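Numbering (the working numbering), first residue to last: 711 to 1660. Okay, structure first, notes after.
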């Protein structure tokens, strides 16, 4: 038989058949059986063609296909029945509930409660119906706002007819949150849901991510450590042609991934059966998953959906159709797991605009991650050393708020103004919790440090105003905000370092209400050695009745530790202020065309164009190699007009660059130049369109990077009929690039150059094609995630004036930081440390001299060996004893042996999962206060460390 003949006549029959139940029923069965025949060597074509021809004749005679005709045709196809029923369509119900997408919090709560009420009513009416729902945050909404409903849900969960599919707090973005956030999504969801419903945490094995905008490469590694085996998703750029596959991370850990072949928001329609035979043939399964239920605003399956499933179960030439759970379907995939194709890649990119839209939300997320991690770190140390209270419950609740704001329509910025307002209000609560608990812990540790050698006897401090000055100052810069505690002319400062590496760098110190001579200030370290410093301010500045002065101090602070610096007044005659001691801003600058603007230290020399303030030269002084492209200005701020999209929603998509305008008409504000300075800088400003921009570029002694501190008063508004305005920073390089390296959650990744924004946690580096070039140009940002590479260049998107869904997302003043520098691209660990240090400044605390038990300089945790990066140190969940959770990950793609040294004796150490349950693994060697263990290539490890004593 001619296959095309059957196909043509079947298509014509479908087109001729009038709307109506019976005609649709028989035609749908014929179409389905035709697909079965296609994957079974066309063995059913001879049975199908006569029925199709017979139905054409009935239509000629009667004009419709009535019940009698349809049933007679089904009888003629009876021989096909066993083959048709050899496949099963497993229908899993869900209701996609977007959290604060195009509406505010109150509407999210209402949509959640009303959706769940509808589902409970349908469960009561239809005994075979089963409902599934993800997102732990949705269950918390019910617990908070309708506890009676929660009891009904608990009963259905226990009955097995309400499936909890959540393994994460929300369906979060998988690109911009750091790796620790990914771990917390899993930790808090599993612990909360297992406690709420009495579930075994190990039974929560599905990461249900239907609408997430891309999927980072280390997701399978994190899921493995949380006991999650299966991954359901719908959106993914890498369309590998496999609806079911094993997704493997670089570590070799994998999950079974199901790529939704249709759409996650869908109804029950006969067409759903047509893909079943091909899916089953490709996967070697006999069952396919059908996800149904409307969203994004909740709703879920309707009565019609349920009734149609019940009806289609009676169709004789159709697959078996059953109500089911995701858990049951994925259990079937284990039968073919060994034969599934393996995909070793990230599953990106979907919405390029989401890496830059609503930049305030992105900044809030990055700061939340930092402050919460530091509060846990220092809180754990203070609990161990000072028996201080550890605020685990409070920090956990703040983490849940941060996780909520990582929802795939909040953090990506594809949301409305109400969403942004709620996220930013939540951010203030997170800052208050994390900041206060971090300050409390650091203060408790500071009280243990012995500074009695600096007690000044018989000093008259009756006129001192300093104690308590500046309360809360610094919080707006996301610092501790601790007030002055010193008095008199001798001031003591402790510097705390959250990094697992020693740090030698510049930090700013704030001095309040000091009654000495400004030009007589001096600093020394705990060994009495003089410490260089540089004034930031031109004298004291008034602040709410007190006066402060800021200085830059060159400090050394041990890994996860502290050091002490003392400020005193010089003895002897007072001298007048000199230019070398104090910078006088903007005084007597020569004309720009005769002035050379060079920032130079022992590592790099950077020359700026005197008119445009672009980078004309960037030289590595170690090799005398030039890294700036002489043919094209580097370090250029650019105003970009993007194409808009007819469909709107440009928050999701970066349009074609239709016009690029370099910002080169700058006015010089000030400069601090000279090798006698600890920090050299140039400040310049410009106006463009309706906005203004001010940038201070600085180079610190000992640094290999220029730091840009930027203030932008942005008033550019996008429109559907016009364009989308964008501000970016463009950095061409001098050499050909092999690839571009980015940091991603729990590691790094090399990608080919692409003229699109791609996601990164914080940096992009242009890897040279010439292996003889041992440094790469690196572009590092504090909370910017949209990087663009290719054609020997790097760029980062700084602001975008998208118009939909939020018409005015960025209007107002913005402050942000990024850095341009050189990095050893062979040493990924060092690159990640550069990023960490850039985003985690040293924290200074003012103290009063006192006796203590700790020396003036010390380290609480030291990484003695191992190519790893630290993700978190926290107290174990629910513990009151000194049990720490230490999470880290291997950085360089090779198995490594790790030795961690602690300041207290270790009783035992063992591997645990992300949900902090003991896991399989080799024994961890304990030697006094040190532990040693191996971490696999590109793998993560979570270790529980129990200390002696309490």
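Each residue gets a CB set at the ideal place from its N, CA and C atoms; glycine is no exception. Only a predicted model underlies this, so the values are computations on that prediction, with no experimental measurement involved.
DSSP places residue 1183 in the coil class of the three-state scheme, outside both helix and strand.
Among the bridge pairs identified by DSSP, residue 1594 is matched with 1585 and 1655. With fewer than three CB-CB distances shorter than 8 Å, the stretch 1358-1372 does not count as touching the stretch 1247-1255. Under the three-state reduction of DSSP, residue 836 is assigned to coil, being neither helix nor strand. Between residue 855 and residue 903 the beta-carbon gap is near 17 Å, outside 8 Å, which marks them as no contact. Contact between residue 1034 and residue 1068 fails: their C-beta atoms lie close to 38 Å from each other, not under 8 Å.
Apart from the 5 residues on each side of it in sequence, residue 1484 has no Cβ closer than 6 Å to any other Cβ in its chain. Residue 1439 sits in a strand when the DSSP states are folded into three classes. It is roughly 10 Å from the alpha-carbon of residue 765 to the alpha-carbon of residue 733. With 16 or more other CB atoms across the displayed protein chains lying within 10 angstroms of its CB, residue 1210 is buried. Between the beta-carbon of residue 931 and that of residue 961 there is about 5 Å, and that keeps the pair under the 8 Å contact cut. In the displayed model, residue 898 falls within a helix according to three-state DSSP. Spatial neighbours of residue 1265 in its own chain (CB-CB distance under 6 Å, excluding positions within 5 residues in sequence) are listed in chain order as 1205 and 1217. Bridge pairing for residue 1060: absent [DSSP]. Of the candidates 725, 791, 726 and 713, the residue whose Cα lies closest to the Cα of residue 739 is 791. As computed with DSSP, residue 1568 is found in a beta bridge with 1272. Between the stretch 1645-1654 and the stretch 1576-1587 there are three or more C-beta pairs closer than 8 Å, enough to call the two in contact. For residue 1519, the three-state secondary structure derived from DSSP is coil. Per DSSP, the continuous alpha helix (DSSP H) segment holding residue 784 begins and ends at 777-786. In the DSSP assignment, residue 1447 falls within the beta strand (DSSP E) that extends over 1447-1454. Taking 7 Å as the cut-off, the beta carbon of residue 789 is found closer than this to the beta carbon of residue 757. Within 10 angstroms of the beta-carbon of residue 1232 lie fewer than 16 other beta-carbons, which makes it exposed. Under the DSSP assignment, residue 1007 falls outside any alpha helix (DSSP H); it carries neither an H nor an E label. Excluding residues up to 5 positions away in sequence, 1233, 1234, 1235, 1263, 1264, 1265 and 1275 lie with their Cβ nearer than 8 Å to the Cβ of residue 1241 in the same chain.
By the CB criterion at 7 Å, residue 1065 and residue 1358 fall outside the cutoff. Within the same chain, Cβ atoms closer than 7 Å to the Cβ of residue 1602 are found at 1538, 1539 and 1577, the five residues on either side in sequence being excluded.
Restricted to the stretch 747-829, the alpha helix (DSSP H) segments that are unbroken, complete and at least 4 residues in length are 755-772, 777-786 and 791-794, listed in chain order.
For residue 1510, the enclosing beta strand (DSSP E) starts and ends at 1503-1510. Nearest C-alpha to residue 1532 among 1525, 1544, 1524 and 1591: 1544.
Between residue 1098 and residue 1623, the alpha-carbon positions lie close to 27 Å from each other. Its Cα nearest to that of residue 1402, the residue 1425 stands out among 1425, 1325, 1657 and 1116. The count of Cβ pairs closer than 8 Å, one atom from the stretch 1447-1464 and one from the stretch 1511-1524, stays below three, leaving the stretches out of contact.
Annotation for residue 1602: no alpha helix (DSSP H) segment contains it, and DSSP assigns it neither H nor E. Beyond the five residues adjoining it in sequence on each side, residue 746 comes within less than 7 Å, by CB distance, of 754, 793, 794 and 987 in the same chain, given in chain order.
When secondary structure is reduced to three states using DSSP, residue 1524 falls in the strand class.
For residue 952, no beta strand (DSSP E) segment is defined, and its DSSP state is neither H nor E.
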